[in-house]
Ligand code: TXA
Ligand code: MG
């Protein structure tokens, strides 16, 4: 069983305990502003293997490597001018940049799935402090069983992986609530590999150019391992619902009266005032609650495809995709 340690009261002890577990080559569940991560020493093959085993994650799907700051990232990867400008503007924060690995980099090939690139992110708060204390990058995918809904609280992590890991660091609910935005500069082009917690428009403003998006319909998303079916609750998922049936759960958005809502199994509103940041922060928790209601299907109200809505709709499409 995992020990859960709350940083509100035991921050210093949490840093020490987490560093000790990482040094022994075991993963630790840590809070980040996006979602909780399952972190391990990115230079240690046995530690990284334990991440893949704990999540049941396919090993062709590379892990994001978390750094304490841009200076640490520059020890491991080559920065082109656009990537550096984005790092300076948005780190620490919900942005992952895919970069060329330096030849002498000590990041283990298991973390990058053997690619010559690495996805790097500098997280805020406790995670950043932990990396600084530990002194090495942390490979960290989201702290959930592969294919399931990501965790945005220590309780989510405990329910999913608590029996398999030693330590969960609790910092309350993740403030952003969806995973980082992933970008890559390639042949002068700026590509959006995954929409996420940093809106595309902010990235375009700093980069001074448009983001090129992969086709929304394509299952072979450009970030390897971004499988179409992901974020899957146990229930079926129905998108853009204009009305809800009596055997369905409803996840609504905004101040809209959805016909049938009074008879639905459960009704949750991501943001009654229509705020997309609030909706993103509530998304995974409400999906888990709707799933736990026992409804056979979760119906979602339409969500505007702008700003953070792009990331929310991406996750909902994956949740609704046919299961493998
Ligand atoms: O917010 C986040 O990004 C969270 C927190 C914990 O930092 N992490 C996260 O990790 O979402 P994960 O493993 O669930 O998703 C990482 C994504 C995968 O789709 C993977 O394919 C992609 O990043 N990725 C990692 N390295 C890559 C690379 N070198 N090239 C392209 N995609 C890469
Ligand atoms: Mg994930």
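Residue numbers (the UniProt record's numbering): 1 to 324. Using N, Cα and C, we set each Cβ at its ideal position, and we do this for glycine too.
Problem set entry | Run of the beta strand (DSSP E) containing residue 49, from where it starts to where it stops | Looking at the DSSP string, residue 49 is not in any beta strand (DSSP E); the run it does join, the alpha helix (DSSP H), is 45-55.
Exercise. Apart from the five residues on each side of it in sequence, which residues of its chain come closer than 7 Å, Cβ to Cβ, to residue 52?
Worked result: Here the set comprises 59.
Exercise. How many Å lie between residue 103 and residue 234 at the Cα?
Worked result: Spanning the alpha carbons of residue 103 and residue 234 requires a straight line of approximately 43 Å.
For this session: Examine ligand 1 and report whether any of its heavy atoms sits within less than 8 Å of the Cβ of residue 179.
Result: Set against 8 Å, the gap from the CB of residue 179 to the closest heavy atom of ligand 1 is smaller.
For this session: Check whether the Cβ of residue 230 sits closer than 8 Å to any heavy atom of ligand 2, and report yes or no.
Result: True, at least one ligand heavy atom lies under 8 Å from that Cβ.
Exercise. According to DSSP, which residues form a beta bridge with residue 193?
Worked result: Answer is none; residue 193 lacks a bridge partner.
Problem set entry | Chain-order list of residues whose beta-carbon lies under 8 Å from that of residue 210 (same chain, five-residue window excluded) | 190 and 204
Exercise. Can you find a heavy atom of ligand 2 that lies under 8 Å from the Cβ of residue 153?
Worked result: Proximity of the beta carbon of residue 153 to ligand 2 is not indicated: no heavy atom of the ligand is located closer than 8 Å.
Exercise. Is any heavy atom in ligand 1 found nearer than 8 Å to the beta carbon of residue 87?
Worked result: It does not: the Cβ of residue 87 is nowhere closer than 8 Å to a heavy atom of ligand 1.
Exercise. Going straight from the alpha carbon of residue 33 to that of residue 294, what length do you get?
Worked result: 30 Å
Exercise. Taking 8 Å as the cut-off, does the CB of residue 174 come closer than this to any heavy atom belonging to ligand 2?
Worked result: no
Problem set entry | Contacting residues, own chain, Cβ-Cβ under 7 Å from residue 302 (five flanking each side not counted) | 240
Problem set entry | residue 154 beta carbon less than 9 Å from that of residue 168 | yes
Exercise. So what does DSSP say about residue 262, is it helix, strand or coil?
Worked result: helix
Problem set entry | Collapsed DSSP secondary structure at residue 119 in the structure displayed | strand
Problem set entry | 8 Å CB neighbourhood of residue 163 in its chain, flanking five on each side removed | 1 and 2
Exercise. For residue 169, does the three-state DSSP call read helix, strand or coil?
Worked result: strand
For this session: Would you check whether ligand 2 has a heavy atom nearer than 8 Å to the C-beta of residue 141?
Result: yes
For this session: Name the two residues that bound the continuous beta strand (DSSP E) containing residue 212.
Result: 211-213
Problem set entry | Whole-angstrom distance between residue 281 and residue 175, CA atom to CA atom | 6 Å
For this session: Kindly examine ligand 2 and report whether one of its heavy atoms sits closer than 8 Å to the Cβ of residue 150.
Result: yes
Problem set entry | Minimum C-alpha distance to residue 192 - residue among 201, 213 and 85 | Nearest C-alpha to residue 192: 213.
Exercise. Are the Cβ atoms of residue 268 and residue 245 separated by less than 9 Å?
Worked result: no
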